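J.: Residue numbers (our numbering): 70 to 245.
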Ligand code: K1U
Ligand code: ZN
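Structure below.
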């Protein structure tokens, strides 16, 4: 297993539409293992493959509450089959937009179909944090970020801040 680099805003790869997984082979299993290691180290509760620069429709998640009580979940080629009309607000964060948190309104409940790591077709009815996290990660594999659900003013402000930070760290690494 290996910890991979999490790409950050304004990296253009975060805007890619990820490709469906055709075959769950050793490469996908290694990607998933690396994603879990990367997600736990961050730490985060979810991760989409594109956040480690791989444009494949793969998501890892662990919503367990206790520190030593892991409940790893893998969603391959997830699709939202149904979403409730009723919406709920949750504070969201993103490992690709570190230290920035905002409330986002999304459908309160979703039904999602996906493949598990063994390639078995599954469906899940999600509400609460699971529904929020699934929608956040499915957005990632479609090139959408949680800041896209905010006002243009807030979004432009955060993009400007991260673009400036990326430029200044690029200048510093040239000087070093
Ligand atoms: O996709 C990501 O960038 C991961 C993101 C998932 C997420 C969090 C909150 C709402 C929706 C989606 C994170 O994991 S941000 C970090 C975080 O929420 C957290 C970190 C440590 C402990 C508890 C939460
Ligand atoms: Zn995110």
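For every residue, glycine included, the Cβ atom is placed at its ideal position computed from N, Cα and C.
It should be emphasised that the depicted structure is a prediction, and the values quoted were computed from it without experimental measurement.
1. For the region 78-166, list the beta strand (DSSP E) runs that are entirely contained and at least 3 residues long, ordered along the chain.
2. Should residue 182 and residue 153 be called a contact, given that it needs their Cβ atoms to be closer than 7 angstroms?
3. Between residue 162 and residue 84, is the Cβ-Cβ spacing less than 7 angstroms?
4. Which first and last residues belong to the beta strand (DSSP E) in which residue 195 is found?
5. If you pair each beta-carbon of the region 157-171 with each one of the region 124-141, do three or more pairs fall below 8 angstroms?
6. Which one or two residues does DSSP pair with residue 184 in a beta bridge?
7. For residue 243, which three-state DSSP category applies?
8. Quick check: the Cα distance between residue 234 and residue 242, rounded to an integer number of angstroms?
9. Any heavy atom of the ligand K1U within a distance shorter than 6 angstroms of the CB on residue 218?
10. Give the DSSP bridge partners of residue 171, in chain order.
11. Would the beta-carbon of residue 173 fall within 7 angstroms of that of residue 215?
12. Can you list, in chain order, the residues of its chain with a C-beta nearer than 8 angstroms to that of residue 223? Leave out the 5 residues immediately preceding and following it.
13. Since I believe residue 76 is in contact with residue 111 (beta carbons under 8 angstroms), could you give me their beta-carbon distance rounded to a whole number of angstroms?
14. Under a Cβ-count criterion, where at least 16 other Cβ atoms within 10 Å of its own Cβ denotes burial, should residue 104 be classed as buried or exposed?
T.: This is what the structure holds:
1. 115-117, 127-131, 141-152, 156-161
2. no
3. no
4. Residues 190-196.
5. no
6. By DSSP's assignment, residue 184 forms a beta bridge with 145, 190.
7. helix
8. 12 angstroms
9. With a cutoff of 6 angstroms, residue 218 does not count as near the ligand K1U, since its C-beta is closer than that to no heavy atom of the ligand.
10. 161
11. Residue 215 sits close to residue 173, with the two beta carbons spaced by under 7 angstroms.
12. 171, 216
13. With a Cβ gap of about 13 angstroms, residue 111 and residue 76 do not count as contacting.
14. buried
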